[in-house]
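Worksheet for the structure shown next.
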Amino acid sequence: MVDFRDTGTEAAFRTTVREFIGGEYEPRRSQIREEARRAAPFERTPAMRAWEGELAERGWIAPAWPEQYGGAGLSVMQQFIFNEEMAEARAPRPGGIAIGMAGPTLITIGTEEQQAEHLPPILSGEAIWCQGYSEPGSGSDLASLQTRAVKDGDDWVVNGQKIWTSGAHRADWMILLARTDPDAPKHKGITYFMLDMHSPGVEVRPLVNMTNTHEFNEVFFEDVRIPSRHILGEVNRGWYGAVTTLDFERSSIGSAVGMRQSVDAIIDVAKEHQGSGMSSLGENEETRNALADRYIEAQTAMMISYRIVSMQSQGMIPNHEASMAKLYAMELNQRIQATAMKVLGLYGQLGGGDPYAPRRGRYQYGFMRSIANTIEGGTSEIQRNIIATRGLGLPRG
Ligand SMILES: Cc1cc2nc3c(=O)[nH]c(=O)nc-3n(C[C@H](O)[C@H](O)[C@H](O)COP(=O)(O)OP(=O)(O)OC[C@H]3O[C@@H](n4cnc5c(N)ncnc54)[C@H](O)[C@@H]3O)c2cc1C
Numbered sequence: 100m101v102d103f104r105d106t107g108t109e110a111a112f113r114t115t116v117r118e119f120i121g122g123e124y125e126p127r128r129s130q131i132r133e134e135a136r137r138a139a140p141f142e143r144t145p146a147m148r149a150w151e152g153e154l155a156e157r158g159w160i161a162p163a164w165p166e167q168y169g170g171a172g173l174s175v176m177q178q179f180i181f182n183e184e185m186a187e188a189r190a191p192r193p194g195g196i197a198i199g200m201a202g203p204t205l206i207t208i209g210t211e212e213q214q215a216e217h218l219p220p221i222l223s224g225e226a227i228w229c230q231g232y233s234e235p236g237s238g239s240d241l242a243s244l245q246t247r248a249v250k251d252g253d254d255w256v257v258n259g260q261k262i263w264t265s266g267a268h269r270a271d272w273m274i275l276l277a278r279t280d281p282d283a284p285k286h287k288g289i290t291y292f293m294l295d296m297h298s299p300g301v302e303v304r305p306l307v308n309m310t311n312t313h314e315f316n317e318v319f320f321e322d323v324r325i326p327s328r329h330i331l332g333e334v335n336r337g338w339y340g341a342v343t344t345l346d347f348e349r350s351s352i353g354s355a356v357g358m359r360q361s362v363d364a365i366i367d368v369a370k371e372h373q374g375s376g377m378s379s380l381g382e383n384e385e386t387r388n389a390l391a392d393r394y395i396e397a398q399t400a401m402m403i404s405y406r407i408v409s410m411q412s413q414g415m416i417p418n419h420e421a422s423m424a425k426l427y428a429m430e431l432n433q434r435i436q437a438t439a440m441k442v443l444g445l446y447g448q449l450g451g452g453d454p455y456a457p458r459r460g461r462y463q464y465g466f467m468r469s470i471a472n473t474i475e476g477g478t479s480e481i482q483r484n485i486i487a488t489r490g491l492g493l494p495r496g
């Protein structure tokens with residue numbers, strides 16, 4: 100039988116997290132939200148900085164990192180509880196590439212000097228990082244990337260282009276994959292660099308997405324010099340370091356809780372506007388059924404997350420299970436956003452500037468932004484390939 104209840108120590112830890120959120124986040128909630136509404140994507144507002152200071156005091160900026168590197172060294176179950184409680188309270192967390200990818204990679208394959216230089220500014224939020232992997236011709240088949248780095252004295256000289264680089268316009272550093280041996284088999288000639296984004300020859304050009312938001316960019320490199328001490332791991336073995344980095348992108352409880360909250364929020368807004376012509380709830384059986392289906396599916400997303408954490412807490416490394424979680428959550432988010440459109444009808448399509456837009460245009464934005472969910476972080480087709488081959492043992496197509 101599956102027992103979902105906390106043990107005594109887990110329950111005590113949950114209470115600690117809840118009390119912390121109640122004492123430190125709740126009084127700041129409205130100010131953080133108000134400032135965030137006016138801020139640009141990736142901007143750290145004063146209220147957010149103050150909240151981050153509280154998290155930092157407890158090592159909860161990076162709860163999964165070992166204590167010796169400035170994290171909280173939480174166990175898998177404690178991380179799960181922490182993430183779940185933070186998501187339930189909708190408490191924002193610093194994260195992104197710096198905490199979620201660059202830091203863990205530095206801890207795993209970085210030298211002591213690299214760790215000493217980069218981990219403190221990541222934890223204090225001073226250093227913002229972006230991820231330079233994808234290129235115009237290399238996304239799913241990442242190992243085919245063409246950006247070149249050539250050794251010149253103690254530096255490497257980089258030429259080429261990255262694309263879809265989220266937050267590059269605000270980043271101080273990039274984790275960058277570049278080809279250093281064009282004659283080697285494609286996985287074996289790639290090196291993993293840390294690039295100072297303020298270096299001469301780096302040009303960041305904005306790409307504005309269909310929600311009219313500047314989130315990602317094109318990044319061009321023209322004779323950009325990177326000192327050898329900024330290589331992560333070994334020359335020509337960067338692919339293996341990058342795979343480690345991708346392995347840190349796995350937790351999914353936050354997004355599973357978020358899905359359930361989104362369904363609850365649609366139900367709230369639908370009830371609020373019932374009878375006003377803005378909501379089809381009550382008039383349309385299809386809408387009610389769709390909401391019921393989304394509710395069930397959100398519970399399924401939670402169960403998939405429970406499975407992953409249960410594997411991790413037994414020392415197993417989720418592999419195709421992580422692809423299942425990603426695939427299911429992202430496709431579910433698209434269905435949830437589409438259901439919101441159905442419930443709110445034409446009003447749901449109104450943008451933030453329109454006085455008739457429910458929840459200040461959140462649903463228009465959510466629907467359009469969700470389109471990218473099944474592309475970013477590995478497309479749904481690629482996740483299905485992983486589940487089919489590694490999970491079900493099917494032959495490659
Ligand atoms: C919002 C957003 C943010 C992003 N942020 C970043 C970032 O910060 N840094 C970064 O490096 N990248 C980022 N990306 C890029 C992202 O990782 C790639 O878009 C993604 O990996 C897909 O690559 P691609 O766009 O080149 O598409 P392609 O790989 O060209 O795929 C095109 C289509 O072909 C399908 N396909 C490809 N290969 C196969 C196959 N073997 N079997 C079946 N179908 C296949 C794909 O599923 C897709 O439908 C971001 C993307 C988005 C949308």
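Numbering (the numbering used here), first residue to last: 100 to 496.
Ideal Cβ positions, reconstructed from N, Cα and C, are used throughout, including at glycine.
| Item | Value |
| --- | --- |
| Grab me the residues of residue 459's own chain with a C-beta within less than 7 Å of its C-beta, minus the 5 sequence neighbours each way, in chain order. | 451 |
| Could you tell me the boundaries of the beta strand (DSSP E) in which residue 230 lies? | 228–231 |
| Could you give the distance in angstroms between the alpha-carbon of residue 348 and the alpha-carbon of residue 176? | Per-residue confidence for residue 348 stands at a pLDDT of 49, beneath the threshold of 50, marking its modelled position as unreliable; no derived number is given. |
| State the Cα-Cα distance for the pair residue 409 and residue 320, rounded to the nearest angstrom. | 43 Å |
| Compute the minimum distance between the beta carbon of residue 466 and the heavy atoms of ligand 1, and state whether it is under 7 Å. | no |
| Does the Cβ of residue 430 lie closer than 7 Å to at least one heavy atom of ligand 1? | no |
| Suppose the cutoff is 7 Å on Cβ atoms and the five residues either side in sequence are ignored; what does the same chain contact list for residue 208 look like? | 331, 332, 340 and 343 |
| For a test of your reading of the model: does the CB of residue 471 fall under 7 Å from any non-hydrogen atom of ligand 1? Yes or no. | yes |
| Cβ of residue 478 versus every heavy atom of ligand 1: is any distance shorter than 7 Å? | yes |
| Any contact of the segment 251–258 with the segment 225–241, i.e. 3+ C-beta pairs under 8 Å? | no |
| Sorry if obvious, but does the Cβ on residue 474 come closer than 7 Å to a heavy atom of ligand 1? | yes |
| Between residue 322 and the rest of its own chain, which residues show a CB-CB distance below 7 Å, the 5 nearest in sequence each way excluded? | 256, 258 and 300 |
| Where do the N-terminal and C-terminal ends of the beta strand (DSSP E) with residue 320 fall, by residue? | 313–326 |
| List the residues that DSSP assigns as beta-bridge partners of residue 262. | 317 |
| Could you check where the beta strand (DSSP E) with residue 250 kicks off and where it finishes? | 247–251 |
| Which of helix, strand or coil does DSSP assign to residue 141? | coil |
| Determine, using beta carbons only, whether residue 335 and residue 270 come nearer to each other than 8 Å. | no |
| Determine the DSSP secondary structure at residue 307, reduced to helix, strand or coil. | strand |
| Please confirm if the segment 456–473 is in contact with the segment 388–402, defined as three or more CB-CB distances below 8 Å between the two stretches. | no |
| Name the DSSP bridge partner or partners of residue 295? | 272 |
| Can you tell me where the alpha helix (DSSP H) holding residue 460 begins and where it ends? | Residue 460 -> no alpha helix (DSSP H), and no H or E assigned at all. |
| Rounded to whole angstroms, how far is the Cβ of residue 442 from the Cβ of residue 369, which I believe are closer than 8 Å? | 5 Å |
| What's the gap between the Cα of residue 304 and the Cα of residue 314? | 11 Å |
| Taking 8 Å as the threshold (C-beta atoms), are residue 361 and residue 426 in contact? | no |
| At a threshold of 7 Å, does residue 310 count as lining ligand 1 (C-beta to nearest heavy atom)? | no |
| Report the residue ranges of all alpha helix (DSSP H) runs contained in full by the segment 398–424; include only those spanning at least 4 residues, in chain order. | none |
| Against chain C, does residue 369 count as a neighbour if the rule is that its beta carbon must be under 8 Å from one of theirs? | Of the protein chains in this structure there is only one, and it is not chain C. |
| Just the Cα atoms here: how many angstroms apart are residue 492 and residue 486? | 8 Å |
| May I ask which residues mark the beginning and end of the alpha helix (DSSP H) holding residue 185? | 175–187 |
| Please determine, among 187, 434, 412 and 404, the residue with the shortest C-alpha to C-alpha distance to residue 420. | 404 |
| Is it buried or exposed, residue 503, if we count other Cβ atoms within 10 angstroms and call 16 or more buried? | The chain is shown only over 100 to 496; residue 503 falls outside these bounds and no answer can be derived. |
| According to DSSP, residue 301 sits in a beta bridge with which residue or residues? | 320 |
| Check whether the Cβ atoms of residue 160 and residue 203 lie closer than 8 Å to each other. | no |
| May I ask whether a heavy atom of ligand 1 can be found less than 7 Å away from the beta carbon of residue 481? | yes |
| Leaving out the 5 sequence neighbours to the left and right, which residues in its chain are closer than 7 Å to residue 187 when beta-carbon positions are compared? | 356 |
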